[in-house]
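So the first sequence is residues 7 to 280, counted in the numbering used here. Okay, so here's the structure we're looking at.
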Amino acid sequence: MPELPEVETISRVLREGRPTNPPLLGRVIVGSDLLWQRTLAYPTPEEFADRIMGQMIGDIGRRGKYLLLRLDTDTMLFHLRMSGDLVLETAGEPPDVHHRLILDLDNGNRLAFNDTRKFGRVWLVSDPQEILGSLGPEPLGTDFTTEVLFGGLNSRRRQIKPLLLDQSFLAGMGNIYVDEALHRAKIHPLTISNQLDREGSDQLWRSIRQVLEDGINRNGTSFDWVYRGGDFQNYLRVYQRTGEVCPECGTLIERIIVGQRSTHICPTCQIAPV
DNA sequence: CACGAGACCTGTTCGC
DNA sequence: TGCGAACAGGTCTCGT
């Protein structure tokens, strides 16, 4: 679930609150419980527990697929990987079996990091750049221009799909949004990056921005047991639509493997490179 | 540098 | 019905 639009949605809901939950901003951490050791990437469990105690949540943000809690003197970073989620609950509720870290708050609520597959990670650092420093540009930010994309594609010779999934090239795209962006741009996922001309690169740039904005406007994509209130899954054109018709041309969508990831294409709209 | 395989994990769905 | 295989929104490390 968690690609850029989903992390953005989680970040916004935690920051602004919902009818059922108050916003997290201004809350003070009064306790914590680490239920799966490896969830905490840095520092040690003891230091983590000591350092967060009494710190207030000043802001909540996102960078790429990372969610950031800005505390008084530290930043807590969460990477949700495949199955992570952050949920606000009332203290005293029996914790879900998949909770990996619980932060107790001064208003009787708690923030729980729920992560079925245990791939997610949490860091507590004074300078978030230690963790975020190697990320590529923010796709919806002002420094991701058509020139930057074209230049980046040209300076490498890589299959376009794995390149777009590379977070040091561009921060935030995942398997869903890459497949959707490539379909909208009519680019085959195996196309070698420096084979795209300026027109193709610009089309890809627009498709990336569009698909991410659409995803955010729909509150992200939700699948079965991982529900977040998003409904972009109803607007996907190729992702997990193998055997259904391409909305552009009516050809049946195919599933192939690219870079060991499931990949969905329209074989008519997206022509394979020679 | 670019790519594939395997690892890290649990849960659901698919095929026989 | 049962049971193993395949598969899932991500990323890291290693070998070629």
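Virtual Cβ for every residue (Gly too), placed ideally from N, Cα, C.
Within its chain, find whatever has a CB closer than 6 Å to the CB of residue 86; leave out the 5 residues flanking it on each side and keep chain order. Cβ neighbours of residue 86 within its own chain (closer than 6 Å, five residues either side excluded): 8, 126.
Quick check on DSSP: helix, strand or coil for residue 14? Reduced to three states, the DSSP call for residue 14 is helix.
Take residue 207 and list the residues in its own chain whose beta-carbon comes closer than 6 Å to its own, dropping the five residues that flank it on each side. For residue 207, where only same-chain residues beyond five positions count, the Cβ hits under 6 Å are 155, 156, 159.
First and last residue of the uninterrupted beta strand (DSSP E) at residue 96: Here the beta strand (DSSP E) through residue 96 covers 90-96.
What three-state label does DSSP hand residue 161 in the structure shown? In this structure, residue 161 counts as coil in the three-state DSSP scheme.
Please list the terminal residues of the continuous beta strand (DSSP E) segment that includes residue 72. In this chain, the beta strand (DSSP E) harbouring residue 72 covers 72-76.
Pairwise C-alpha distance: residue 268 and residue 13: Cα atoms of residue 13 and residue 268: separation of roughly 22 Å, rounded to the nearest angstrom.
Contiguous alpha helix (DSSP H) assignments of at least 4 residues, all confined to the segment 171-217: If only complete runs of 4 or more residues are kept, the segment 171-217 shows the alpha helix (DSSP H) at 181-190, in order along the chain.
Could you check how far apart the C-beta atoms of residue 227 and residue 182 are, in whole angstroms? I think they sit under 8 Å. Residue 227 to residue 182, Cβ: 6 Å. Contact.
May I ask you to verify whether the segment 139-147 touches the segment 115-131, counting CB pairs closer than 8 Å and requiring at least 3? No: fewer than three Cβ pairs fall under 8 Å.
Going by DSSP, what residue range makes up the alpha helix (DSSP H) through residue 138? Note, residue 138: alpha helix (DSSP H), 135-138.
Which of helix, strand or coil DSSP assigns to residue 241: Residue 241: helix per DSSP, three-state reduction.
Around the C-beta of residue 263, are 16 or more other C-beta atoms found within 10 angstroms, so that it is buried, or is it exposed? With fewer than 16 neighbouring CB atoms inside 10 Å of its own CB, residue 263 falls in the exposed class.
Which residues share a DSSP beta bridge with residue 81? According to DSSP, residue 81 bridges with 76, 131.
Work out the CA separation of residue 43 and residue 53 for me, nearest whole Å. Roughly 13 Å separates the two Cα atoms.
Best match in 91, 191, 60 for proximity to residue 80 [C-alpha to C-alpha]: The option with the nearest alpha carbon to residue 80 is 60.
Please name the residue, chosen from 111, 115, 91, 98, that lies closest to residue 104 on a Cα-to-Cα basis. With distances taken between Cα atoms, residue 104 lies closest to 91.
Going straight from the alpha carbon of residue 27 to that of residue 117, what length do you get? Just so you know, the alpha carbons of residue 27 and residue 117 end up roughly 11 Å apart.
Quick one: what's got a C-beta closer than 6 Å to residue 188's C-beta in the same chain, skipping five residues either side? So the list reads 195, once near-sequence residues are dropped.
Contact belief for residue 36 with residue 110 at Cβ below 8 Å, rounded distance in angstroms: Yes, they are in contact, since the Cβ atoms of residue 36 and residue 110 sit about 5 Å apart, within 8 Å.
Enumerated in chain order, which unbroken segments of the alpha helix (DSSP H) with a length of 4 residues or greater are wholly contained in the segment 30-78? Whole alpha helix (DSSP H) segments, 4+ residues: 51-58.
When 83, 179, 19 are compared against residue 58, the one with the closest alpha-carbon: Nearest option by C-alpha distance: 83.
Helix, strand or coil: how does DSSP classify residue 264 here? In the structure shown, residue 264 sits in a strand (DSSP, three-state: E or B).
At what residues does the beta strand (DSSP E) containing residue 149 begin and finish? Going by DSSP, residue 149 is part of no beta strand (DSSP E) at all; its letter is neither H nor E.
Nearest to residue 124 by alpha carbon, out of 168, 145, 33, 106? In terms of Cα proximity to residue 124, the closest of 168, 145, 33, 106 is 106.
Of the listed residues 48, 69, 62, 34, nearest to residue 16 (C-alpha basis): Nearest to residue 16 by C-alpha distance, out of 48, 69, 62, 34, is 69.
Quick one: what's residue 116 bridged to in DSSP? Beta-bridge partners assigned by DSSP to residue 116: 95, 110.
For residue 64, tell me which candidate among 56, 74, 55 has the shortest Cα-Cα distance. Comparing Cα-Cα distances from residue 64 to each of 56, 74, 55, the minimum goes to 74.
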